[in-house]
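Protein chains in written order, with full-length UniProt numbering: chain H, 1 to 326; chain A, 1 to 326; chain B, 1 to 326; chain X, 1 to 326.
Heads up, the beta-carbon is just placed ideally off N, CA and C, and yes, glycines get one too.
Here the structure is a predicted model, which means the values were calculated and not measured.
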């Protein structure tokens, strides 16, 4: 193992709040250990195109609190081809980059795994995604901010729901993973949560709605984007309207606000801890792994494990929804 | 004119942040002047059904900061019929209510006008709507909160837009009125604003997008719900995608979050001022009018004027968008 | 062990955000299992005075998002005496309360331990304090909200610090425990953190300030309330002014805003999970323990352990401050 | 009058939220009219030192939502001397700056008046201060944000006040002007407001506290920084403690958070409108005036009038506090 003199850092895939805090911490930690840092713009696409920017302490000043990513992000078709990766490798070599820190989700780590093995290139990954769907870390960077954004939005919607005695079906992000729906659903006191991991039982839902109605004037149902069996928020709304024409049923799709905004304190701290650990462990030769936090301790998970093992839904949490929404 | 001994207060139509601050101020002002207050739940519908609640100082404690309306709101078909209004009148008489304060928008004031004339019943109105579309007041209760909610949401969306170099088309509320779009558009630095009051000029928009592109990596266009010529946010998006396939174009519909949430300080103060004036002027015999604030002074506008005259769009503001978004 | 038919729930000590979410979840879970619930107002003081309120589903509707505690809280001198506790016991018996759930911090649990042993009374505790200073749970209810409030406040202060090139010393809560200072300090990118658990090394601080100055125009130092060696925020400011008269040094004491506000999603979920577990475990005979969450799992810690063992400061986090603030 | 080719823009005095929105709008408007813009850093101090930065569209991208001022601000002793102003003039000439836009409060405009007359230099001013204490504009840039920050903070404090039945005395900014106290006081439903413009009547306050106590469990009193007669927040607290030892009386000084944070939509729009008008009117030869907004219309007020005429407190608003807090 050679001493690392210069690392590259980039963000890739969907942006998530806290990515900037992670970039800042990567840059400052590297400089602390006398390692140079280049920022790679637009993820793998920028790597192929040699979009490198020298990073010093100042280039990451006053960004810890900002959403999005100052390095920008993109999805790259070219990097999926051997030719694209060859170009990327040549660019890295040309810039004398010895190692990489990749901030992103499963797409990012898939690329990192292939590239790292193909060229024996040291890469560590930081879990930057709002979905919390990676194995090997209790929380991903951005998840906490996202569930707070959802909670705030639904708190607002509830004002209207209560005032008009309405039933709201709120669609939140989560194509393959119901964790945003689950925690924010408990956070807002939702009547019911529908997620990709569980078959939606419309009969049971109707039953709950029938039972509860006298006791409570408004209702919030949360549907994760990826809910499949029942056709998503709008189809579920149609079914409810048919069964309960007396309800004033509405749909609200929260959409892209869920990715943005100031990161919460937890996301900033998580990003900072993981980034410090990533730089320090690149220095000791670790590679091909995602850096996560499990039970308060830094943990390393090979890229293929991080992305393949789906996170299990805590059934206790689902039961809590049921108990508390009655 | 007889001395007023007991007033009824209600909210009607779509809820808006600050309605609770208005209810609180009506109740406390009435009590200050030794007038009893009944809260009428669910607007005209509750009036017909006699849903009256005695209000004391405590019943409005700790609500000034809450969104929605503790008196709930509803739309009433029955009140549009003479029979419905007769029932409402009988209920009011039965409860010895001498006068009413109606908090709502144009639907509310239409009902108030008809009923007030039919039964010679003293009613004053407070402008409670997020749309700011009433003649006779510089601002309606809820508008300021709503444009801040929109601004916050688009600030979040911009994080993602900037990170991905995307063009976002954001649909905001305003079926007949572009004022939410206009002020929030300036507030977020939007590239363009499309509103019901102005024909959307797609050619000019394309032109702007073409010119500006090199200088700026992401773009926000704001479309009011009621934009008609070009088919609304989704159709505009389709046209842009066709013309500029290289853009990553997305639509986000902000939806019901725009009605809820803690009122801003301005909305709380406005609600408080108007409510105090309403009670004090009911006492001196004023009726059939909306209480507004024009140039910092309390102003009274007959209900029919308040709802018929559409608010003019300040063309200077539209020009400001054009100048600043370049 | 007899079947529990009626429980009492109360909050005691300093209020913390999420206490209402905990009360709601205790009430709804108990009702779910056909157990009656009385709310005890004003903590032990109200217990002695028999301030009991029947709780149903509705009495906890729409409170999950509210700061403070609807049951109010107080400190009780009387409960520290055997006579006071005797009165409390008589009141509980009179109201046929079989078991208690106490929400609070170390003072609360000290009382619970003594009373529970004295009268062999089943009590479980929920950790409700912003300080996160209890052994037996990774986080206390309110801590996450509090560090976000601090982070938001310091983000605002930094705007001014940056604009004026000022050095700000910000005092945050934490009389015996530096955990609020530590995490919020990482979250805002503070230059230095001074906490009760560590001797403040003024020479080292001066050194850091001297080194860093050219590279950075403004500085944030965070001092926990309980910092002792150097006399707290104002004395530290005086020392800095003496040593660095060229700095524009200011002090800001955040104060009581740190206890209030809407709970974050995490605090609402934590409160809900712990409360469900508390009721379910009271039913199976558990008592004399605090219910916490350790590594994602419900954990029970005897009251005396929960309050006596001081939480250890994670030294890695302190090192992170040092690395990242350079 | 010569055509203006290059303007300088600077911020001076205390920072206020919306200054960045004003800088952005000055820069973009100037460029729109083919005028060059230099940013002058650190106000008059930077003018003397020639701290000029070329501004293009990109240098003001993505700042509309940020608190503070990217141009930084400072107070300048040197500019109070004729020698200092001579140096400033030479610097401006050297950089070929034809005209200035000054963003700040009374100190800023005092300097602008003297300098503008001394050197016949075209200057227009924008009211950037949280205090709203300038004559010639209904609102200053930053005021709306500030009263919302205060309102949010006191909403949090009230959670604790209600939970503990406490009386809180909250000190807000306003050394010479009670407008922050007044509007935020109505916004939070304060019991009483003490401001520099009114003699604090302790006897009347005691009376109110005595009357109200049974009806309400917690109280918020707001004291502007500049309240003089009664010695400010801490002395008022001492007097209340002496008179009402049974109250749990606390003081909270909000401090510097009041200057920072994201500007509200209103402040962003106000800043944008005034800045566009300032550039357009510099072009037509206007000078020596502050640009304000009066009753929705752009208005120009000579610098000496803007700073000398103290804003009158609307006594109706004070009466509203009295009516509503009962």
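Kindly indicate which residue of the options has the alpha-carbon position closest to the one of residue i.
i, options, result
"residue 219/B", "226/B, 244/B, 232/B", "244/B"
"residue 194/B", "206/B, 163/B, 227/B, 204/B", "227/B"
"residue 278/X", "127/X, 54/X, 62/X, 78/X", "127/X"
"residue 38/X", "318/X, 287/X, 44/X, 100/X", "100/X"
"residue 291/H", "308/H, 315/H, 236/H, 139/H", "139/H"
"residue 131/B", "143/B, 121/B, 123/B", "143/B"
"residue 273/A", "297/A, 285/A, 284/A", "297/A"
"residue 320/H", "28/H, 176/H, 122/H, 191/H", "191/H"
"residue 249/A", "113/A, 165/A, 11/A", "165/A"
"residue 254/H", "147/H, 68/H, 13/H", "147/H"
"residue 180/X", "210/X, 204/X, 149/X", "149/X"
"residue 10/B", "82/B, 68/B, 81/B, 80/B", "68/B"
For residue i and chain B, any beta-carbon pair shorter than 8 Å?
i, result
"residue 258/H", "no"
"residue 252/X", "yes"
"residue 144/H", "yes"
"residue 36/H", "no"
"residue 272/H", "yes"
"residue 276/H", "yes"
Note down, in chain order, each residue of its chain lying with its Cβ closer than 6 Å to the Cβ of residue i, except the 5 sequence neighbours on either side.
i, result
"residue 271/X", "18, 21, 22, 141"
"residue 175/B", "225, 226"
"residue 107/B", "13"
"residue 137/A", "127, 292, 293"
Tell me which same chain residues have a C-beta within less than 7 Å of the C-beta of residue i, skipping the five on either side of it?
i, result
"residue 202/A", "230, 239"
"residue 145/B", "17, 18, 261, 263, 264, 267"
"residue 302/B", "288, 289"
"residue 155/H", "188"
Is the beta carbon of residue j closer than 8 Å to that of residue i?
i, j, result
"residue 85/B", "residue 52/B", "no"
"residue 24/A", "residue 63/A", "yes"
Quick check on residue i - is its C-beta less than 8 Å from some C-beta in chain X?
i, result
"residue 21/B", "no"
"residue 313/A", "no"
"residue 261/B", "yes"
"residue 155/A", "yes"
"residue 64/A", "yes"
Mind listing the chain A neighbours of residue i? Cutoff is C-beta to C-beta under 7 Å, in chain order.
i, result
"residue 126/X", "Under the 7 Å cutoff, chain A gives no residues; its nearest Cβ is about 15 Å from residue 126/X."
Starting from the beta carbon of residue i, find every residue of chain X whose beta carbon is closer than 9 Å, and list them in chain order.
i, result
"residue 219/B", "Within 9 Å Cβ-Cβ: nothing; residue 219/B doesn't reach chain X, min ~14 Å."
Between residue i and chain A, is the shortest Cβ-Cβ distance under 8 Å, so that the two count as touching?
i, result
"residue 72/H", "yes"
"residue 190/X", "no"
"residue 323/X", "yes"
"residue 255/H", "yes"
Residues of chain X with CB closer than 7 Å to the CB of residue i, please, in chain order.
i, result
"residue 163/B", "15, 68, 69, 72, 73"
"residue 265/A", "147, 148, 151, 183, 184, 187"
"residue 129/B", "Under the 7 Å cutoff, chain X gives no residues; its nearest Cβ is about 13 Å from residue 129/B."
Under 8 Å Cβ-Cβ, which residues of chain H neighbour residue i?
i, result
"residue 329/B", "The displayed coordinates of chain B run from 1 to 326. Any statement about residue 329/B would go beyond what the structure contains."
Would you mind telling me which residues of chain A sit closer than 9 Å to residue i, beta carbon to beta carbon, in chain order?
i, result
"residue 106/H", "What residue 106/H touches in chain A: nothing, since even the nearest Cβ is about 17 Å away."
Using 8 Å as the limit for Cβ to Cβ distance, is residue i near chain H?
i, result
"residue 109/B", "no"
Identify the contact partners of residue i in chain H, using a Cβ-Cβ distance below 7 Å as the criterion.
i, result
"residue 25/B", "324"
Strictly below 9 Å CB to CB, what residues from chain H border residue i?
i, result
"residue 296/B", "138, 295, 314"
"residue 32/B", "322, 323, 324, 326"
Under 8 Å between beta-carbons, which chain X residues line up against residue i? List them in chain order, please.
i, result
"residue 284/A", "Near residue 284/A there are no residues of chain X at all, since even the closest Cβ is about 16 Å away, more than 8 Å."
Grab me the residues of residue i's own chain with a C-beta within less than 8 Å of its C-beta, minus the 5 sequence neighbours each way, in chain order.
i, result
"residue 232/A", "171, 223, 225"
"residue 157/A", "168, 170, 220, 252"
Listing by chain order, which chain B residues have their CB less than 7 Å from the CB of residue i?
i, result
"residue 160/X", "15, 68, 256, 259, 260"
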